[in-house]
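Note that my numbering gives residue 540 to position 429 of the sequence shown, counting from 1, and the numbers run on in steps of one.
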Amino acid sequence: MVAKRKSDTFSLFRDLAKDILSPPPDLTVSEWADAYRKLSSESSAEPGQWRTDRAPYQREILDAVLDPELEKIVVMASAQVGKTELILNTVGYHMDFDPAPMLLMQPTELLAKNFSKERLAPMIRDTPVLRKKLGDEKTRDGSNTTLQKSFPGGYVALVGANAPSGLASRPIRILLADEVDRFPVSAGTEGDPLSLAEKRTNNFYNRKKIIVSTPTIKGASRIEAEFESSTKEFWHLPCPACGEYQPLQWGKIIFNKDDLKDVKHRCECCGFLHDEYAWKSGKGKWVASNPNGMFRGFHLNEFVSPWRKWKEIVIDFLEAKKKGNQAMKVWTNTSLGETWEEDGEQLDSEYLHERLERYPAPVPNNVKILTAAVDTQDDRFEIEVVGWGDGKESWGIEYHVIHGNLNQPQIWNDLDEYLSRTWEKADGAHYGIACVCMDSGGHYTQEVYRFTKQREARRIYAIKGKGENNGEYVPLISGYSRVKPSKALLVTVGVSDGKAKVMSNLQVEEEGPNFCHFPTDRGYNQQYFDGLTAERIETKYRQGVPYRIWKKVRDRNEPLDLRVYNTAAIEILNPNLEKDYTIDKTKSPTKRKKRRRVLSKGVK
Numbered sequence: 112m113v114a115k116r117k118s119d120t121f122s123l124f125r126d127l128a129k130d131i132l133s134p135p136p137d138l139t140v141s142e143w144a145d146a147y148r149k150l151s152s153e154s155s156a157e158p159g160q161w162r163t164d165r166a167p168y169q170r171e172i173l174d175a176v177l178d179p180e181l182e183k184i185v186v187m188a189s190a191q192v193g194k195t196e197l198i199l200n201t202v203g204y205h206m207d208f209d210p211a212p213m214l215l216m217q218p219t220e221l222l223a224k225n226f227s228k229e230r231l232a233p234m235i236r237d238t239p240v241l242r243k244k245l246g247d248e249k250t251r252d253g254s255n256t257t258l259q260k261s262f263p264g265g266y267v268a269l270v271g272a273n274a275p276s277g278l279a280s281r282p283i284r285i286l287l288a289d290e291v292d293r294f295p296v297s298a299g300t301e302g303d304p305l306s307l308a309e310k311r312t313n314n315f316y317n318r319k320k321i322i323v324s325t326p327t328i329k330g331a332s333r334i335e336a337e338f339e340s341s342t343k344e345f346w347h348l349p350c351p352a353c354g355e356y357q358p359l360q361w362g363k364i365i366f367n368k369d370d371l372k373d374v375k376h377r378c379e380c381c382g383f384l385h386d387e388y389a390w391k392s393g394k395g396k397w398v399a400s401n402p403n404g405m406f407r408g409f410h411l412n413e414f415v416s417p418w419r420k421w422k423e424i425v426i427d428f429l430e431a432k433k434k435g436n437q438a439m440k441v442w443t444n445t446s447l448g449e450t451w452e453e454d455g456e457q458l459d460s461e462y463l464h465e466r467l468e469r470y471p472a473p474v475p476n477n478v479k480i481l482t483a484a485v486d487t488q489d490d491r492f493e494i495e496v497v498g499w500g501d502g503k504e505s506w507g508i509e510y511h512v513i514h515g516n517l518n519q520p521q522i523w524n525d526l527d528e529y530l531s532r533t534w535e536k537a538d539g540a541h542y543g544i545a546c547v548c549m550d551s552g553g554h555y556t557q558e559v560y561r562f563t564k565q566r567e568a569r570r571i572y573a574i575k576g577k578g579e580n581n582g583e584y585v586p587l588i589s590g591y592s593r594v595k596p597s598k599a600l601l602v603t604v605g606v607s608d609g610k611a612k613v614m615s616n617l618q619v620e621e622e623g624p625n626f627c628h629f630p631t632d633r634g635y636n637q638q639y640f641d642g643l644t645a646e647r648i649e650t651k652y653r654q655g656v657p658y659r660i661w662k663k664v665r666d667r668n669e670p671l672d673l674r675v676y677n678t679a680a681i682e683i684l685n686p687n688l689e690k691d692y693t694i695d696k697t698k699s700p701t702k703r704k705k706r707r708r709v710l711s712k713g714v715k
């Protein structure tokens with residue numbers, strides 16, 4: 112019996128020594144992923160065992176992580192090419208085979224939390240070799256939380272680039288920075304968050320910095336600046352006819368927009384056309400256009416992706432082209448993986464004034480719903496009513512100013528009366544205002560809150576504009592809250608995003624989606640168009656980091672603000688613009704029965 116106990120004890124220590132002291136198998140990151148990584152159903156259309164051969168261009172990027180001569184890797188990529196999986200596989204490898212302190216950066220702390228819950232946690236749960244290395248997230252010692260996953264020999268901390276505390280002094284060996292083009296210019300007052308994070312790796316001779324992003328605006332894109340200093344490698348495939356290697360480029364995609372069954376790519380050498388299957392069947396390789404770059408940089412677009420069909424990319428292009436520059440910018444960034452170049456010029460107010468047209472009735476035939484916006488000044492309300500149709504084609508209905516003393520009730524009564532009016536189509540159909548966004552800035556904030564609180568049943572909401580803080584992206588509708596003491600609903604509006612959308616729509620030249628119409632009267636004069644085009648986008652630099660800012664070129668910009676607020680109003684409503692939102696002209700909109708609503712589901 113004693114001998115058996117000694118034997119069991121010896122076996123236990125032998126197994127422990129084997130687990131702790133034995134060197135890990137000599138695997139690359141891609142080989143580790145092929146052997147152990149499991150894809151989760153929440154984040155993958157193909158859950159189950161990871162296969163690098165599914166997207167072979169990923170192999171060399173993954174394996175570059177273990178190159179002892181390489182400190183930094185940059186990936187400038189479109190959507191749908193698996194760039195997030197590159198980060199996850201790197202984290203998984205180091206959790207399992209090469210423990211180290213890691214820092215995973217997202218643009219904001221909220222996105223970091225979402226990434227942890229939606230991508231990292233499912234990977235750990237579904238990959239057995241990782242699951243057994245981490246404790247329960249609810250353990251009392253706090254070693255495994257949403258923003259920090261600890262394991263024997265290391266940890267991965269998740270932080271937002273907008274949170275200086277997350278970048279506090281802590282040594283890290285591996286930095287993974289995701290979507291750096293969304294990073295703010297400065298983490299509070301501390302400076303560039305990416306530079307701050309890179310300094311945390313200085314204590315390690317074997318440090319790694321992996322920087323990944325979809326690009327945004329040319330001249331203001333972090334990932335483009337990093338890529339330009341790199342080896343600038345592009346995935347090349349052989350021509351099915353002549354065998355010459357080349358990258359797949361949008362400029363060589365050939366298609367008939369009336370029949371998209373036959374989308375092909377022309378060979379830059381022999382000129383022959385081949386379809387998607389023929390090109391993707393070839394064995395690809397990475398080719399550096401700048402071999403003497405400071406570090407390795409890789410570029411990917413959706414044409415090489417196994418998860419995107421060329422026909423789908425072309426359809427997206429045709430749709431974006433109809434919608435205007437803002438949609439084309441998104442397509443260029445997310446499908447081509449390229450920056451969007453803006454000329455930065457001011458829109459021509461006189462050209463827009465020349466586009467004035469005469470409507471057959473107060474409300475043109477194609478309008479389906481009306482919104483309004485109110486700008487609050489010390490001595491007046493400026494109001495614009497806008498009609499919206501299919502594809503968010505818009506019609507200015509009326510630009511109206513109510514003058515008066517905002518300390519007196521009369522002007523507030525006049526505003527209420529105006530917003531209660533109906534407008535008529537040529538066929539006699541009547542339209543009330545379905546949603547109002549009212550500016551709460553200035554000297555009458557509490558008065559605006561009281562006014563809107565009493566009229567929320569009519570979808571009259573107070574709004575507060577929020578600019579890009581240190582270059583951090585703020586979406587058009589970025590939040591809802593209740594303000595004290597009135598408990599009025601306050602909608603936070605990303606004004607920079609709104610101005611970009613408005614300017615993009617004003618540049619659409621063909622009637623249809625996003626085109627803007629203006630009537631020959633009703634307040635739409637040259638002064639209005641001067642105000643509508645009173646700002647332009649410019650690139651500024653802070654400590655060498657570029658960011659974009661809207662700058663006034665004329666003092667009065669109320670028409671631009673009001674069109675932004677109207678754009679926010681239609682976004683809040685999210686209506687089905689194939690439906691007509693007429694009202695019974697015998698019923699006043701002010702007497703609608705109050706009912707409980709969920710804003711995010713839009714108008715039904």
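Every residue gets a Cβ at the ideal spot worked out from N, C-alpha and C, and that includes glycine.
The three-state reading of DSSP puts Met213 in strand, counting E and B together. Counted as a single uninterrupted DSSP element, the alpha helix (DSSP H) harbouring Ser141 occupies residues 140 to 147. In this structure, the alpha-carbon of Ile285 lies about 19 Å from that of Met234.
Counting only residues of its own chain and dropping the five nearest sequence neighbours on each side, Arg466 has a CB closer than 7 Å to the CB of Phe629. Here the alpha carbon of Cys380 sits roughly 22 Å from the alpha carbon of Lys343. By the beta-carbon neighbour count (other beta carbons within 10 angstroms, threshold 16), Ala484 is buried. Taking 8 Å as the cut-off, the Cβ atoms of Gln191 and Ser332 do not count as close. Distance between Leu600 and Ala568, taken at the CA atoms: about 11 Å.
Taking a contact as a CB-CB distance under 8 Å, the pair Leu411 and Gly354 does not count as one, their CB atoms being some 22 Å apart. Following the DSSP letters along the chain, one finds Tyr560 in no beta strand (DSSP E) but inside the alpha helix (DSSP H) bounded by residues 556 to 564.
Under DSSP, Asp137 shares a beta bridge with no residue.
Residue state for Gly642 is assigned as helix, using DSSP reduced to three classes. For the pair Phe338 and Pro304, the Cα-to-Cα distance works out to about 18 Å. Separation of Gly543 and Arg659 (C-alpha to C-alpha, rounded to the nearest whole angstrom) is 38 Å. Under the 10 Å beta carbon count, Arg469 is surrounded by fewer than 16 other beta carbons and is classified as exposed. The Cβ atoms of Glu493 and Leu643 do not sit closer than 8 Å to each other. Taking the CA atoms as reference points, Ala308 sits about 6 Å from Leu278. Annotation: Phe629 is outside any beta strand (DSSP E) and is labelled neither H nor E by DSSP.
If you draw a 10 Å sphere on the C-beta of Asn625, you find 16 or more other C-beta atoms in it, and that means buried. Among the bridge pairs identified by DSSP, Arg647 is matched with Lys662. When DSSP states are grouped into helix, strand and coil, Ser505 belongs to the strand group. In the structure shown, Gln259 falls within a strand segment according to DSSP collapsed to helix, strand and coil.
Contact holds between the stretch 470 to 489 and the stretch 542 to 560, because three or more Cβ pairs, one in each stretch, are under 8 Å apart. Here Ile365 is exposed: its Cβ has fewer than 16 other Cβ atoms, across all protein chains shown, within 10 Å. For the 8 Å CB-CB criterion, Glu535 and Pro473 form a contact.
By alpha-carbon distance to Glu142, the top candidate from Tyr204, Arg419, Phe383 is Tyr204.
When the alpha-carbon of Thr450 is set against those of Leu287, Asp292, Pro218, Glu669, the nearest one is in Asp292. For a cut-off of 8 Å, the C-beta gap from Gly500 to Val478 is around 5 Å, short enough to register as a contact. Lys612 has no beta-bridge partner at all, per DSSP.
With contacts defined by Cβ atoms closer than 8 Å, Leu258 and Lys228 do not form a contacting pair.
The Cβ-Cβ distance between Tyr555 and Val602 does not fall below 8 Å. For Pro358, the uninterrupted beta strand (DSSP E) run begins and ends at 356 to 358, by DSSP.
In the displayed model, Asn367 falls within a strand according to three-state DSSP.
One alpha carbon belongs to Ser460, the other to Lys662, and they sit about 16 Å apart. Considering only Phe226, Gly590, Thr533, Gln519, the residue with the shortest C-alpha distance to Phe562 is Gln519. Bridge partners of Lys577 according to DSSP: Gly605.
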